[in-house]
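Structure record follows, encoded as structure tokens.
2 protein chains.
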Amino acid sequence: MDRPRKPTLDTVASAVGVSRATVSNAYNRPDQLSAALRERILETAAAIGYAGPDPVARSLATRHSAAVGFMLGQGLSASFADAALSIVLDGLASTVDGHDHCLVLMPGRERGGPRPETVARAQADVVVAYSLPDDAPALAAVRARGLPMVVIDQPVLPDTARVEVDDFGGARLAASSLWGLGHRRFGVVTFALHPDGHNGPVTPERLASTSFRVTRDRLHGYLDVTGADTPVWECARSSRELGRAGARALLSETPRPTALLCASDELAFGALQAVRDLGLRVPADVSVVGFDDVPAAEHSDPPLTTVRQPLAEKGRHAGELALRLLDGGRPGEPTRLPVSLVSRDSTAPQK
Amino acid sequence: MDRPRKPTLDTVASAVGVSRATVSNAYNRPDQLSAALRERILETAAAIGYAGPDPVARSLATRHSAAVGFMLGQGLSASFADAALSIVLDGLASTVDGHDHCLVLMPGRERGGPRPETVARAQADVVVAYSLPDDAPALAAVRARGLPMVVIDQPVLPDTARVEVDDFGGARLAASSLWGLGHRRFGVVTFALHPDGHNGPVTPERLASTSFRVTRDRLHGYLDVTGADTPVWECARSSRELGRAGARALLSETPRPTALLCASDELAFGALQAVRDLGLRVPADVSVVGFDDVPAAEHSDPPLTTVRQPLAEKGRHAGELALRLLDGGRPGEPTRLPVSLVSRDSTAPQK
DNA sequence: AGTGTGAACTAGAGCGCTTCAGAACGTCCA
DNA sequence: TGGACGTTCTGAAGCGCTCTAGTTCACACT
Chain F
81 MDRPRKPTLD TVASAVGVSR ATVSNAYNRP DQLSAALRER ILETAAAIGY
131 AGPDPVARSL ATRHSAAVGF MLGQGLSASF ADAALSIVLD GLASTVDGHD
181 HCLVLMPGRE RGGPRPETVA RAQADVVVAY SLPDDAPALA AVRARGLPMV
231 VIDQPVLPDT ARVEVDDFGG ARLAASSLWG LGHRRFGVVT FALHPDGHNG
281 PVTPERLAST SFRVTRDRLH GYLDVTGADT PVWECARSSR ELGRAGARAL
331 LSETPRPTAL LCASDELAFG ALQAVRDLGL RVPADVSVVG FDDVPAAEHS
381 DPPLTTVRQP LAEKGRHAGE LALRLLDGGR PGEPTRLPVS LVSRDSTAPQ
431 K
Chain E
81 MDRPRKPTLD TVASAVGVSR ATVSNAYNRP DQLSAALRER ILETAAAIGY
131 AGPDPVARSL ATRHSAAVGF MLGQGLSASF ADAALSIVLD GLASTVDGHD
181 HCLVLMPGRE RGGPRPETVA RAQADVVVAY SLPDDAPALA AVRARGLPMV
231 VIDQPVLPDT ARVEVDDFGG ARLAASSLWG LGHRRFGVVT FALHPDGHNG
281 PVTPERLAST SFRVTRDRLH GYLDVTGADT PVWECARSSR ELGRAGARAL
331 LSETPRPTAL LCASDELAFG ALQAVRDLGL RVPADVSVVG FDDVPAAEHS
381 DPPLTTVRQP LAEKGRHAGE LALRLLDGGR PGEPTRLPVS LVSRDSTAPQ
431 K
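Sequence order for the protein chains is F and E.
If you read the first sequence in this note's numbering, its first letter stands for residue 81, the second for the next number, and so on.
If you read the second sequence in this note's numbering, its first letter stands for residue 81, the second for the next number, and so on.
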């Protein structure tokens, strides 16, 4: 039951016969004491089972917690299913982890982002937000706490670092290429415009009030080329299954689109499947383009034409920004990473 | 530059003209003060920009941090690429988050688990370990800190809660079924036996010293039925690509195996591809079985026969265990979740 | 002998919060 | 009228650590 209380710095200090400060130095500033004493302290600590300074107490004293928070738009499994997110997160983790920082994940609630309470309790001294709705309460919660923040794919907030990608331009690029190939009848498969789980055709009103910046930009990029009356199908999540269903719906319209523009590769993979489902062929009968260029895009059947954005780079950069903010750096200008069109075999001229 | 210091409990207390304790109560024990006063406190707090008690200070005072740590065997992107892990993690997150706890991720270093320093600094009051090498230093680091721990798919450690699955039995189940279908020539594709990045055939010595419990059990389950001389190919990670390469290698041997036993679905998907690569058909020429039953198994081509383990359940249960340990509960007996064979179309009788 | 110097170590004041044992003040009932 | 009780609020002792501004001391230099 009442086993011996956990040892603290004091325990060690008095065991060795030195002051608490010295023990602290043994861990944090080896140059402040003689090597011999340090050795003795560490040994004694090990002997009495002291595992080093308590991280919480240390954080309180130093006023930072060596952790960066990451706010997700959706729940964890949904997030992990998203290859693009995983790559971004990994890029972020690699920079952050190299600096001995932990990653505190704040999973979102049905696409709306984390609950404000979650944010309020999270121990992190900088947080990065990824593709939340523009009006997510979590965003306000972070600001209320006065934590520095870096947003990825999000509208600018005052005093916030930001990394972004030219989603609009990328989408235009893809659509223009198709247009150049002679396509005139398009269909667009997009992921969520609102965090309400809607699946189905998109009305103009819904389009006008889109709460995800990324969705909005990609969509507008496509429609800018194809025309505002292009049919758009919304999927609640960026999943292959939903993309398949959406594409199937679009392809059943008359006249049938000759090209499908998808807001993500994942949706595009579903579209590929849908085309096959209907006994048609890609790209002979229908061209399909994706967005992101996840690794699988290269290996799909057929390999996917898609808009490449530097995902890992995005994460890494966000990590660096976060680290810089931690050092008291200023947010600075938003970084805009380049996009490019990767032409593979899922697109062909429309005869 | 020197903007006003961040407000604290005291700031609010003196602004309202009450004691600090009362303000604290306003946040943590509404029943301890009159509704009117509480209202006034909260209003004032909002007015001066106080976002609620500092989580770190609160943690120090209460001696718990409302976070559960999660130790990964590998880096984040590798982890996220693993569908099974994602599901487990999501199950865990859902129970944990429901109780207002955060998830602190500790990414591993090349399959060996997180660095001990990472563990030492992580602010969590219980940690769950997932499929680390049996001798991971991170495990020792957790014990050194005296943190309660729940391990998933890991050998028992004293004083540790545990959830596991009958990997050996499950593997036997799959192998026996194939045996029953008349197969006599097998090949096994497995993921890492050691955290050293090895890809290639497995020697008996290597097999004998396997440092991942899961790998060991599944392998032994297969070999128990097929015989110890069955060729085994090891992949450094559980990826489709590596599985494909491994399967291709096994299928090039003479006599060619008629059935491929894979340690994971991901590897099995690669094997499916490999069979096609060689111009053979599944299951007519070669039967393939996986392990895990991730959602994609149902939709592969052909749908995969695999050993089903309740992944989400595993995560949820681990979360509950973690929460219970937090409440001072005892670890209790390891929970063993059931496995079953899901027969789909990737297996057929050997004529 | 006197002084300057640097290395080695320490005292003590926080960091921002929780919590427990009261104090103060009604209220209610016998 | 008085005491028993409840409610509402306060004082102060921590939680375990870091860090600044020292103090001590040995040694070298003049």
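Every residue gets a Cβ at the ideal spot worked out from N, C-alpha and C, and that includes glycine.
- The beta carbon of E/R225 sits closer than 9 Å to some beta carbon of chain F.
- Against F/G132, the close residues of chain E are A200, in the order they occur along the chain (beta-carbon pairs closer than 7 Å).
- At a cut-off of 9 Å between beta-carbon atoms, E/D372 makes no contact with chain F.
- Taking the Cα of E/G171 as reference, the smallest distance to any Cα among E/A325, E/G399, E/S423 is reached at E/G399.
- Taking 8 Å as the upper bound for CB-CB distance, E/F349 and F/F160 are not in contact here, some 17 Å apart.
- Distance from E/S318 to E/E346 at the Cβ level is roughly 5 Å; contact confirmed, criterion being Cβ atoms closer than 8 Å.
- In terms of Cβ geometry, F/R195 and F/P213 do not form a close pair [threshold 9 Å].
- Taking one beta carbon from each stretch, the segment 327 to 344 of chain F and the segment 268 to 275 of chain F have 3 or more pairs nearer than 8 Å; the two touch.
- Counting only runs of 4 or more residues that sit fully inside the segment 213 to 265 of chain E, the alpha helix (DSSP H) segments are 217 to 225, 247 to 260, in chain order.
- Between E/A402 and E/V230 a beta carbon distance of about 5 Å is seen, short of the 8 Å cut, so the two are scored as contacting.
- Close CB contacts of F/R388 within its chain, under the 6 Å cut and outside five residues either way in sequence, are with D373, S420, V422 (chain order).
- Residue pairing of F/F371 in beta bridges, as defined by DSSP: F/V387.
- Looking at F/P238, F/H274, F/D205, the one whose alpha-carbon comes closest to that of F/T295 is F/H274.
- Of all residues in the segment 178 to 206 of chain E, the ones placed with a Cβ closer than 8 Å to any Cβ belonging to chain F are D180, C182, L183, V184, L185, M186, P187, E197, T198, A200, R201, A202, Q203, in chain order.
- Straight through space, the alpha carbons of E/R252 and E/T310 are spaced by roughly 14 Å.
- C-alpha of E/R286 to C-alpha of E/D276: approximately 11 Å in a straight line.
- Contact residues of the segment 271 to 292 of chain F toward chain E are absent (C-beta to C-beta distance below 8 Å).
- The Cβ atoms of F/Q234 and F/A209 lie closer than 9 Å to each other.
- Taking a beta-carbon distance threshold of 9 Å, E/I167 counts as an interface residue toward chain F.
- Residue burial annotation: E/E333 is exposed, with fewer than 16 other C-beta atoms found within 10 angstroms of its C-beta.
- In the DSSP assignment, F/R416 falls within the unbroken beta strand (DSSP E) covering 415 to 417.
- At least one CB of chain F lies nearer than 9 Å to the CB of E/D170.
- Distance between F/V148 and F/L303, taken at the CA atoms: about 37 Å.
- The residue among E/P418, E/D425, E/T91, E/A127 with its C-alpha nearest the C-alpha of E/T386 is E/D425.
- For E/Y210, there is no enclosing alpha helix (DSSP H); the residue is part of the beta strand (DSSP E) that begins and ends at 206 to 210.
- At least 9 Å separates the beta-carbon of F/P390 from that of F/A241.
- Nearest C-alpha to E/G280 among E/S256, E/G307, E/V312: E/V312.
- Here E/P281 is bridged, per DSSP, to E/W313.
- Within 8 Å of the CB of E/A146, the CB atoms of chain F belong to R201, in sequence order along the chain.
- Take the alpha-carbon of E/A288 and the one of E/F371: they are about 22 Å apart.
- Residue state for E/T290 is assigned as coil, using DSSP reduced to three classes.
- Taking a contact as a CB-CB distance under 8 Å, the pair F/V245 and F/L89 does not count as one, their CB atoms being some 47 Å apart.
- Less than 9 Å separates the beta-carbon of E/V207 from that of E/M151.
- Bridge partners of E/G267 according to DSSP: E/L340.
- Counting only residues of its own chain and dropping the five nearest sequence neighbours on each side, E/L185 has a CB closer than 6 Å to the CB of F150.
- Straight-line measurement puts the Cα of F/L169 at about 38 Å from the Cα of F/A101.
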